[in-house]
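Contents: one structure, followed by commentary.
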Amino acid sequence: AVADLADRYSFGQLRTSHEQNIILADVEQAQLFALWNELRENGFATPNIGLLTDIICCPGGDFCSLANAKSIPIAESIQRRFDDLDYLFDIGELDLNISGCMNACGHHHVGHIGILGVDKKGEEFYQVSLGGSASRDASLGKILGPSFAQDAMPDVIEKLIDVYVEKRTEDERFIDTYQRIGIDPFKERVYAANH
49 AVADLADRYS FGQLRTSHEQ NIILADVEQA QLFALWNELR ENGFATPNIG LLTDIICCPG
109 GDFCSLANAK SIPIAESIQR RFDDLDYLFD IGELDLNISG CMNACGHHHV GHIGILGVDK
169 KGEEFYQVSL GGSASRDASL GKILGPSFAQ DAMPDVIEKL IDVYVEKRTE DERFIDTYQR
229 IGIDPFKERV YAANH
């Protein structure tokens, strides 16, 4: 479907961005609405660039023999949990990156929220880090604490977002709130029910 759209609207060219988005370059302005309608019909027109569900994710254990854990199901479960576009826009800019192993193909270490797949005695678990950034104020994320099972990940992300929404100042991004208040309020909320 995408290749056909590229042939018809973009001189047969497709590009990908670092953020894992597909770009159809050189589309005539008069054809933008028709292209958008076709993208929407094929499920490719979600307006979530730079938001929580615009996740950078490696192929993980489903497609990579190096991975310790699956990445794509984690991304999909987070996308299902946060499927309200109004709420996503209220949350605002947030980089969530997922890697299935320490090779870090998903660049989890520079995500505002980073998720790393780890192997614990043959079981897939996920370590969460906060505060990473690949912007001009580059930083590596700090590990939140002990890792989580796959089915816990949407709840973990929701708790992190809840802390951010409660603690942010007007128009403050997730990374700004994290840098201002530190990791402890996030850690306390996420692990409160587990200990």
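Add 48 to the 1-based position in the sequence shown for the working numbering, that's all there is to it.
For every residue, glycine included, the Cβ atom is placed at its ideal position computed from N, Cα and C.
Within the same chain, D143, H155, V158 come within 8 Å of A182 by CB-CB distance, once the 5 residues on both sides are set aside. DSSP assignment within the segment 206-234 yields the following whole alpha helix (DSSP H) runs of 4 residues or more, N-terminal first: 222-229. Your pair Y226 and F196 does not check out as a contact, with CB atoms roughly 19 Å apart and the cut at 8 Å. Within its own chain, the residues whose Cβ lies closer than 7 Å to the Cβ of C149, once the five positions on either side in sequence are excluded, are L114, A115, N116, G165, listed in chain order.
Secondary structure of R63 (DSSP, three-state): strand.
Taking a C-beta distance under 8 Å as the contact criterion, G108 and I126 do not qualify as a contact pair.
As computed with DSSP, L144 is found in a beta bridge with I161. A direct Cα-Cα distance of roughly 19 Å separates E171 from D203.
Judged by DSSP secondary structure, S125 falls within the alpha helix (DSSP H) whose first and last residues are 120-129. A straight line joining the alpha-carbon of D167 with that of G189 spans about 20 Å. In this structure, the straight-line span from the alpha carbon of R216 to that of I209 is close to 10 Å. Counting the other CB atoms within 10 Å of its CB gives A54 a total of 16 or more, which places it among the buried residues. The C-alpha of I71 is placed about 24 Å away from the C-alpha of R184. As computed with DSSP, V176 is found in a beta bridge with I163. Straight through space, the alpha carbons of I161 and S187 are spaced by roughly 12 Å. Your pair I122 and I97 does not check out as a contact, with CB atoms roughly 20 Å apart and the cut at 8 Å. Burial is judged here by how many other beta carbons sit within 10 angstroms of a residue's own beta carbon; K118 has at least 16 and is buried. Residue burial annotation: S65 is exposed, with fewer than 16 other C-beta atoms found within 10 angstroms of its C-beta.
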